[in-house]
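Protein chains in written order, with UniProt numbering: chain A, 1 to 585; chain B, 1 to 438.
The beta-carbon is built from N, C-alpha and C at its ideal position, and this holds for glycine as well.
Predicted, not measured: the structure shown is a model, and the values here were computed from it.
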């Protein structure tokens, strides 16, 4: 699983192996007689690489775009890593340099128009930033920098006069800098409704292709987990929550509303997301998260314009600023004087730019707090109930029960499973019991099944603040800033992660106030979120875009069928072994 | 001092398939041999086949191990296969014939009249499949108490498993840890045996079990459990110039209760012995570790000591204290360190068996043994010398495995105590060797 994927760790050379799962029908029918170099047989057309042309004259080579490559084990893992690394700070800079950006202008009457459309390459730039990224950067700054201050620094960088606008070919910057926390609130409400029912009528797809998730419902916002499940344990796919992740939801929201309200094609909007891990790059390239899913007006299906065009990780911010000669730590940590133009729809504007930034309490964890919200939603529906917590066999497994005041009636049971080793145990329990298929009469032990209705699954131990793309304590930047004499060891790593978590939760209100907010305010809020407001916003979103809520907010998964390990002829096996590094011995 | 290695009649029958490893049961007169897709269990009393484990795996079974610490009527084996799964097997017959150590009355290769039905019932049952590794499993090993099972694979990871259904007499295994630190194919795993010195280095911070792994990335890593199911890499042993094919901890208790030494063997043709550098306990704390550990020496190698910028500051230091004299001309696939005599035997691609003994530093040719007469000199590392070699022990075939094994056959003078060597080769013949030293 590529949970801790890092662009630094590339050391195998790239060949899509013989066992690549991309359908063989795209290969030329006449196979070359001599074992040609793989680059001829399986040409990899790299997304975003400008002007990469296939070999002219020969038969059409097999093309593997990032959209197809979903981390199957047929390809050498580093090929995937290279494709992922194309969504990089370099791509950001080169896109910024392509053409002068589109501008959004609001006239006195509140009408919003777009300027600069005559240049077909001009784009409208939007960036959404995850809270884990802000926390990581705040910890990197040190000196008690808060997450909010780090957020301001990012705003200044992307929007401000002295940030990206200060350089590059066209002095382009970003029009809007958004917080994925806002989208997250919608995901929490939708996720809870999916598990508990009620709220709004559960949207359904037009056909029966994507059935609703069956209990135990598993969080699907972690792309490392989703890709692993699709590749290795497809039997859990019926359990994955159909609700989009905050990144995906934000992408769809931006592309649909901006394109509709500004009258521009979604291709003209370039959406960058800054995330704590590399797997989010894989998520951004999913076929299910493009306009092909939601754009159907005038009979034409969408072109496959992505909802999120590019994802870079927290670490890559430093590479980005270094390329432009900006010192991140010198950026002022106050709100940018450059105002963000109002969003072309006031309801969405209020949704994306809430007047008070709400914080989560620590019990929510650092991965969005899906489980936390659901538990409190259950609590709010059952007066006088309370939540009991039982620690599992290690720090990354926790079980929760919502019980009545006597503790005898159990309303709801759920758990949190973080980290690959714990995910192993989870999927094992979900595996359907098959009869013995081997002559040695293997009998599987009777599956006890899972008592949980919901499990929050995350690939990274410790949650998203410990994501693969976050700033690490052994990055040179931190070593320099902290003045470590020797390479930081595990103790320093733990301390660092605590600092990042501290920044993540740093709030003006005391923790006790936040805890109180969890249990529901009189205004019907849960964890500081108003489900009714959220639902109203979602309905509004659907109406202004003319797209049903199902296609806007929900997604589907597909099993990655691989030839690896299946019955193959001897010849194929020999070729396969010859191609493997290490020879398979 | 010299030694003689003489062949004993090979185990019957010939397997006619490449055989990979033969593992003796810790106490009973049984030997399990992995070959092709199955395992054959031989009786050490008769030097002939006792039973077989068939089916269960779709690809080569390269590794097999006995589960220790079971009740007396139980026999369990774990197999590790190239099909990426590990199998748990139980013997459902009674063990009377086996435990008594007497010669089996019945030659199981020729079922007797009227006894066929009874024998057909006694068999190995395939209880459970452990899945999770991405590709070929190279080695499996149980911790000394049998609580933990370690598996390692070409997917560069080492997994630690535990049977959590033990009380219910059920098989329910959970993954405790997936250890990612190796950069390449992990070839072997081994646990430190339960000797008094084993808790050295734990410093109250770790539990007693210590795991080591050997890899295609030329390193060996040491792992310990730091509180609540968190297994961490505490050392990375660098020095070999090729794949480290295997490793074994010293099984006899050391003088001064030192931590068992580690034997490693490699494709680079060398066999090395590594020792844990033990820091004396210090009063007070070296640095504010935040862990409350009284021995600040944990961080000596990291922050306080000379920083080694070439590698991460891990938590304990191992050094290579001996390199055995070179005998093999090609890759060394296997070596074995006797728990009784302290002798080491090795073998590999060149088909040679070599036997080594430890020499005290003062030059006397004494064997290092558990009952210490000589004084230890901490500063001088003992040297090793070659006692004898047997070339082309399996003819032109590579030898994949060698192990010390107690003798229970009729030719043994002291059954259950005397040790022989057993080699396992590409010719599918399992050969026992009598070892005599003068």
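Close Cβ partners of residue i (< 8 Å) along its chain, the five nearest in sequence each way excluded
{"i": "residue 375 of chain A", "result": "387, 400, 402, 412 and 414"}
{"i": "residue 418 of chain B", "result": "406, 407 and 412"}
{"i": "residue 194 of chain A", "result": "202, 212, 213, 217, 241, 242 and 243"}
{"i": "residue 453 of chain A", "result": "195, 215, 216, 217, 412, 413 and 414"}
{"i": "residue 68 of chain B", "result": "26, 142, 144, 145 and 146"}
Pair within 8 Å by beta-carbon distance, residue i and residue j
{"i": "residue 32 of chain B", "j": "residue 66 of chain B", "result": "yes"}
{"i": "residue 86 of chain B", "j": "residue 140 of chain B", "result": "yes"}
{"i": "residue 274 of chain A", "j": "residue 133 of chain A", "result": "yes"}
{"i": "residue 309 of chain A", "j": "residue 272 of chain A", "result": "yes"}
{"i": "residue 272 of chain B", "j": "residue 320 of chain B", "result": "yes"}
{"i": "residue 163 of chain A", "j": "residue 157 of chain A", "result": "yes"}
{"i": "residue 347 of chain A", "j": "residue 537 of chain A", "result": "yes"}
{"i": "residue 88 of chain B", "j": "residue 150 of chain B", "result": "no"}
{"i": "residue 474 of chain A", "j": "residue 494 of chain A", "result": "no"}
{"i": "residue 333 of chain A", "j": "residue 153 of chain A", "result": "yes"}
{"i": "residue 238 of chain B", "j": "residue 219 of chain B", "result": "yes"}
{"i": "residue 327 of chain B", "j": "residue 354 of chain B", "result": "yes"}
Spatial distance of residue i from residue j (CA atoms)
{"i": "residue 49 of chain B", "j": "residue 215 of chain B", "result": "33 Å"}
{"i": "residue 167 of chain A", "j": "residue 186 of chain A", "result": "36 Å"}
{"i": "residue 471 of chain A", "j": "residue 180 of chain B", "result": "20 Å"}
{"i": "residue 275 of chain B", "j": "residue 197 of chain B", "result": "12 Å"}
{"i": "residue 571 of chain A", "j": "residue 36 of chain B", "result": "20 Å"}
{"i": "residue 109 of chain A", "j": "residue 354 of chain A", "result": "23 Å"}
{"i": "residue 176 of chain B", "j": "residue 54 of chain B", "result": "29 Å"}
{"i": "residue 441 of chain B", "j": "residue 351 of chain B", "result": "What the structure shows of chain B is the stretch from 1 to 438, and residue 441 of chain B is not part of that stretch, so it cannot be assessed."}
{"i": "residue 334 of chain B", "j": "residue 193 of chain B", "result": "19 Å"}
{"i": "residue 231 of chain B", "j": "residue 267 of chain B", "result": "28 Å"}
{"i": "residue 123 of chain A", "j": "residue 356 of chain A", "result": "30 Å"}
{"i": "residue 483 of chain A", "j": "residue 174 of chain B", "result": "41 Å"}
{"i": "residue 586 of chain A", "j": "residue 236 of chain A", "result": "A question about residue 586 of chain A goes unanswered here, because the residues of chain A that appear run from 1 up to 585."}
{"i": "residue 316 of chain A", "j": "residue 322 of chain A", "result": "10 Å"}
{"i": "residue 464 of chain A", "j": "residue 229 of chain A", "result": "18 Å"}
{"i": "residue 126 of chain A", "j": "residue 171 of chain A", "result": "15 Å"}
{"i": "residue 232 of chain A", "j": "residue 419 of chain A", "result": "16 Å"}
{"i": "residue 505 of chain A", "j": "residue 361 of chain A", "result": "7 Å"}
{"i": "residue 23 of chain B", "j": "residue 270 of chain B", "result": "23 Å"}
{"i": "residue 93 of chain A", "j": "residue 206 of chain B", "result": "48 Å"}
{"i": "residue 284 of chain A", "j": "residue 558 of chain A", "result": "15 Å"}
{"i": "residue 397 of chain B", "j": "residue 428 of chain B", "result": "9 Å"}
{"i": "residue 278 of chain B", "j": "residue 75 of chain B", "result": "38 Å"}
Close Cβ partners of residue i (< 6 Å) along its chain, the five nearest in sequence each way excluded
{"i": "residue 466 of chain A", "result": "460 and 497"}
{"i": "residue 434 of chain B", "result": "6, 8 and 420"}
{"i": "residue 136 of chain A", "result": "314, 470, 471 and 500"}
{"i": "residue 336 of chain B", "result": "345, 402, 403 and 404"}
{"i": "residue 258 of chain A", "result": "269"}
{"i": "residue 588 of chain A", "result": "The question about residue 588 of chain A has no answer here: the residues shown for chain A are numbered 1 through 585."}
{"i": "residue 178 of chain A", "result": "128 and 352"}
{"i": "residue 450 of chain A", "result": "216 and 429"}
{"i": "residue 235 of chain B", "result": "222, 314, 316 and 318"}
{"i": "residue 448 of chain B", "result": "This structure does not reach residue 448 of chain B, given that chain B is present from 1 up to 438, and the question cannot be answered."}
Cβ-based neighbour list, residue i, same chain, cut-off 7 Å, excluding 5 preceding and 5 following
{"i": "residue 436 of chain B", "result": "3 and 4"}
{"i": "residue 288 of chain A", "result": "555 and 556"}
{"i": "residue 208 of chain B", "result": "198, 199 and 202"}
{"i": "residue 225 of chain B", "result": "206, 207, 209 and 231"}
{"i": "residue 534 of chain A", "result": "185, 186 and 189"}
Inset, instruction - Could you run through the stretch 411-429 of chain A and flag, in chain order, every residue whose CB is less than 7 Å away from some CB of chain B? - result: 420, 421, 424 and 425
Legend entry - Sequence ranges, beta strand (DSSP E) only - wholly within the stretch 71-152 of chain A, length at least 3: 103-106, 112-115 and 124-129
Legend entry - Against chain B: residues of the stretch 481-494 of chain A by CB proximity under 7 Å: 485, 486, 487, 489, 490 and 491
Inset, instruction - Using a Cβ-Cβ cut-off of less than 7 Å, give me the residues of the stretch 223-248 of chain B that come near chain A, in sequence order. - result: 228, 229, 230 and 232
Inset, instruction - Identify each residue in the stretch 375-395 of chain A for which the Cβ-Cβ distance to at least one residue of chain B is less than 7 Å, and report them in chain order. - result: 393, 394 and 395
Legend entry - the UniProt repeat "WD" (54-90) of chain B: positions lying closer than 7 Å to chain A by Cβ: 54, 55 and 56
Legend entry - Entirely enclosed beta strand (DSSP E) segments - the stretch 167-204 of chain A, minimum 3 residues: 176-179
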